[in-house]
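Please read the structure below before turning to the comments.
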Amino acid sequence: MFSFSLAKRSASFFAIVTVILLAGCGGGGSDTPAATTPPAPGPTAPPAPTPPPPAPANTRNVTITWAQNSEKRVNEAGGGYRIYISQVSGFNINDSGVEVVNVAAPTSPSTVRALAAGTYFIRVVAYSRLGTSAASRQITVTVTIP
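In terms of the UniProt record's numbering, the sequence shown has 99 at position 99, counting the first letter as 1, and numbering is strictly consecutive.
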């Protein structure tokens, strides 16, 4: 038969409660302040992508290739690239008449289809749920119909 006296049970219970309370207090009474780490910087928009190289100019389907941004936030869900196309050199991406091609998945290259013959100026922008980067430098593409 196995039995404990009330005195032993009380002593065991007291010891267990004491250990739990001390463990929850963070360990001892040191006069040295705890080391703190600075808070992480707040979220920012991704950096601008590397400008795309010149695309082939002998078809109506123009393939635009750019160096993908390695920034993790661009590659998160909801991130990707936008290709801005204009027939005005030095255009701003917010100008009227600028065509926008969304590349929802963060992939490069992307094909811009059915461009008429002419000269086009192209910029690429990276975006994520945190914002939009600055536009890349523009490149010039001349489309001719074979």
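We treat Cβ as the ideally placed atom computed from N, Cα and C, and that holds for glycine.
Straight-line Cα distance separating residue j from residue i
i, j, result
"residue 102", "residue 144", "24 Å"
"residue 126", "residue 93", "13 Å"
"residue 150", "residue 85", "Here the chain has residues from 1 to 146 only, and residue 150 is not among them."
"residue 122", "residue 90", "10 Å"
"residue 117", "residue 81", "25 Å"
"residue 58", "residue 140", "For residue 58, the predicted structure reports a pLDDT of 49, less than 50, and the residue's modelled location is therefore unreliable. A value from the coordinates is still provided. Looking at the two C-alpha atoms, the distance is approximately 13 Å."
"residue 95", "residue 131", "19 Å"
Endpoints, beta strand (DSSP E) assigned at residue i
i, result
"residue 98", "That residue, residue 98, is in no beta strand (DSSP E); it is neither H nor E in DSSP."
"residue 119", "118-128"
"residue 62", "62-64"
Within 9 Å, strictly: CB atoms of residue i and residue j
i, j, result
"residue 133", "residue 46", "yes"
"residue 142", "residue 112", "no"
Local Cβ density within 10 Å of residue i, reported as buried at 16 or more and exposed below that
i, result
"residue 78", "exposed"
"residue 88", "exposed"
Spatial neighbours of residue i in its chain, beta-carbon cut-off 6 Å, leaving aside the 5 residues before and after
i, result
"residue 49", "66, 69, 124, 126 and 136"
"residue 119", "142"
"residue 129", "78"
"residue 108", "65, 66 and 68"
"residue 138", "121 and 123"
"residue 15", "With a pLDDT of only 35 at residue 15, under 50, the local geometry of the prediction cannot be trusted, and the value read off the model is given with reservation. For residue 15, where only same-chain residues beyond five positions count, there are no Cβ hits under 6 Å."
Same chain, Cβ closer than 7 Å to residue i, neighbours up to 5 away in sequence not counted
i, result
"residue 97", "86"
Neighbourhood of residue i by C-beta distance below 8 Å, restricted to the same chain and skipping five residues each side
i, result
"residue 61", "111, 112, 113, 114 and 115"
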